[in-house]
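Each residue of the sequence shown is one higher than the one before, starting from 1 at the first, in the UniProt record's numbering.
Working notes, structure below.
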Amino acid sequence: MSENKLPRSIVISGTGLWTPPESISNEELVDAYNAHAALYNRKNAAKIEAGELAAKPESSAEFIEKASGIKSRFVVSREGILDPERMRPYLPERAEDELCLQAEMGLKAAKLALEKAGKKPEDIDMVVVGASYLQRAYPAIAIETQGALGIDGFAFDMEVACSSATFSLQRAVDAISSGAARAVLVINPELASPQVDYTDRDSHFIFGDVAVASVVERRESCSADSAWEVLGTRAKTVYSNNIRSNFGYTARAADVDPFGPGKLFRQNGRKVFKEVCPMAAAHIEDHVREAGSEPAEVRRYWLHQANINMNNLIAKKLMGDGANEERAPIVLDRYANTGCAGSVIAFNLHSDDLQPGDRGVICSFGAGYSIGSLVVEKIAL
Ligand code: CO8
């Protein structure tokens with residue numbers, strides 16, 4: 001476990017949220033899946049009859065909402081996902097002199113974060129792009145975004161699945177703490193839809209696309225009216241195969257189908273639920289106490305957004321009878337699971353109403369397993 005008690009005052013001075021214009025409801029998604037399943041079962045009727053192949057079962061919108069809390073998800077492109085003959089988004093390849101899609105998504109969120117923080121590109125020294133998947137290996141998406149914004153400094157990409165946002169915020173805090181950067185732009189463009197197996201009933205409903213960004217800087221340079229002082233950061237990883245994607249460039253050398261079984265997102269959801277909830281709750285409790293507060297006194301928890309039942313369980317553990325949606329806001333009903341971005345979406349949408357002196361926790365938990373948290377306090381400037 002890595003802990004960081006900060007020698008100087010560092011703040012999150014602005015965040016930005018870019019939401020794709022298109023969304024898909026559970027009903028629409030289930031209709032497309034069920035039409036696909038019927039086609040599949042018809043096409044493979046003989047093998048299914050002979051017991052050589054399992055028939056595809058039907059999905060249900062009621063199950064999805066009850067088991068996960070998800071009602072809809074935003075996506076960059078709906079069309080192909082809802083085509084029972086295609087079952088994946090259609091995102092045309094772009095020319096090399098065009099901005100790539102993930103950089104474009106991130107750029108939109110980054111501009112909003114810079115505006116909110118009152119910062120210009122020349123104020124930023126470092127850009128980190130953290131996401132569960134990256135569209136390519138190199139040149140880094142972060143360097144492409146840095147170039148598009150005209151930032152003089154350095155940039156890099158990092159991947160820690162669900163904790164890519166909290167871990168990249170922590171890298172920003174570390175860089176400012178050490179003096180390596182005056183201010184850091186953290187961008188988390190989660191382009192999740194291409195990694196979803198929309199033909200798999202167990203996971204076709206889980207993810208949505210989104211981009212978030214944050215500006216992290218020293219308190220002295222902050223020109224916003226209010227900001228969130230980072231009181232401490234904490235990171236923890238424990239290896240687990242329960243959430244896995246084997247998609248990668250070595251498939252070509254292994255002579256296997258890069259889109260074959262196991263290459264897209266898959267999980268043992270029940271095990272994840274059982275193992276991650278107690279780990280996340282204990283992690284947050286320790287971190288909050290280390291920052292000098294009692295978990296039940298913390299004003300707001302911006303938790304990872306994978307499953308509403310998980311969040312309610314963790315919130316109850318932390319706040320007892322005081323737990324409610326106002327103190328642990330849910331955004332996954334509209335956004336679904338947006339990988340690492342969920343806790344930052346919750347922070348972006350549900351933090352302006354808090355008062356100076358109020359404390360909160362931004363926390364991710366998921367694949368890796370990985371858990372990342374920041375204890376923050378609102379300050380007036
Ligand atoms: N419709 C109808 N029935 C269904 C469906 C469906 N769509 N799906 C499953 N069922 C059936 C099952 O087959 C099962 O039937 P049976 O009892 O006959 O076997 C029954 O419903 C119950 O299934 P489950 O036990 O799987 O249902 P759960 O209640 O456990 O709910 C969940 C499934 C919602 C997946 C739940 O287990 C869950 O959310 N767990 C937590 C998972 C989690 O947090 N995962 C982390 C996600 S990973 C992440 O956050 C980032 C990963 C990085 C990628 C990011 C890319 C951007």
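For glycine and all other residues, C-beta sits at the position ideal for the given N, C-alpha and C.
Only residues of its own chain outside the window of five on either side were considered, and among them Met126 have a CB closer than 7 angstroms to the CB of Phe154, listed in chain order. Asn188 sits in a strand when the DSSP states are folded into three classes. Assignment of alpha helix (DSSP H) within the region 30-108, counting only whole runs of 4 or more residues, yields 45-49, 61-68 in chain order. A distance below 9 angstroms separates the beta carbons of Glu159 and Tyr133. Distances from the CA of Cys277 to each of Ile70, Asp31, Ala315 were compared; the closest alpha carbon is that of Ala315.
In the structure shown, the three-state DSSP call for Phe167 is helix. In the DSSP assignment, Val215 falls within the beta strand (DSSP E) that extends over 210-218. Short of 6 angstroms from the beta carbon of Gln135, and not among the five residues preceding or following it, lie these beta carbons of its own chain, in chain order: Cys100, Gln102.
Beyond the five residues adjoining it in sequence on each side, Asp31 comes within less than 7 angstroms, by CB distance, of no other residue in the same chain. According to DSSP, residue pairing for Ser25 in a beta bridge involves Ser72.
Taking C-beta separations shorter than 6 angstroms and ignoring five residues to either side along the sequence, the partners of Asn44 in its chain run Leu53, following chain order. When DSSP states are grouped into helix, strand and coil, Arg359 belongs to the strand group.
Per DSSP, reduced to three states, the secondary structure at Gln267 is strand. With respect to Met105, Ala211 sits close: the two C-beta atoms are nearer than 9 angstroms. In the three-state scheme derived from DSSP, where H, G and I count as helix and E and B as strand, Leu374 is classed as strand. Counting C-beta atoms within 10 angstroms of its own C-beta, Glu190 has 16 or more neighbours from the protein chains shown and is therefore classed as buried. Sixteen is the threshold: when 16 or more other Cβ atoms of the shown chains lie within 10 Å of the Cβ of Ser164, as they do, the residue is buried. In the structure shown, Leu313 falls within a helical segment according to DSSP collapsed to helix, strand and coil. In this structure Leu374 is in contact with Val230, their Cβ atoms being roughly 6 angstroms apart against a cut-off of 8 angstroms.
By alpha-carbon distance to Glu377, the top candidate from Ala183, Gly292, Gln195 is Gly292. Relative to the ligand CO8, the beta carbon of Val331 is positioned no closer than 8 angstroms to any heavy atom. Within the DSSP secondary-structure output, Met158 pairs in a beta bridge with Gly130.
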